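First the structure, in the form of structure tokens, and then the observations on it.
Residue numbers (UniProt numbering): 1 to 103.
Structural data, given as structure tokens:
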């Protein structure tokens, strides 16, 4: 079981009940709400505003990586739904042809 807690610098951390260790989400898929996964940090500069630090790759960027991840997920979902719709249409066409031949 995990409990959500507010950690250092108001970041959300998860506490594993069985080990009592603090954990951060490992990937964007594991994040809840607006949290960033392990290795990411949001910082603020008075000249450019909010920016994001990827400590794993040692890079910074102005674009919110959560928005980029959401856009990728939405594109994958649209592609999946389109494929499912195409398969359903083919299935219905085949069923109609079978019913026509049997009649």
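Using N, Cα and C, we set each Cβ at its ideal position, and we do this for glycine too.
Nothing here was measured: the structure is a model prediction, and the numbers come from that model.
Query                                                                                       : Result
Buried or exposed (CB count within 10 angstroms, at least 16 for buried), residue 36        : buried
Range of the contiguous alpha helix (DSSP H) that encloses residue 104                      : With the chain covering 1 to 103 only, the question about residue 104 has no answer from this structure.
contact_flag[the region 28 to 42, the region 66 to 75] where n(CB pairs < 8 Å) is 3 or more : yes
Where residue 99 falls: helix, strand or coil (DSSP)                                        : helix
Backbone secondary structure at residue 41 - three-state DSSP                               : strand
Pair within 8 Å by beta-carbon distance, residue 80 and residue 62                          : no
Collapsed DSSP secondary structure at residue 27 in the structure displayed                 : coil
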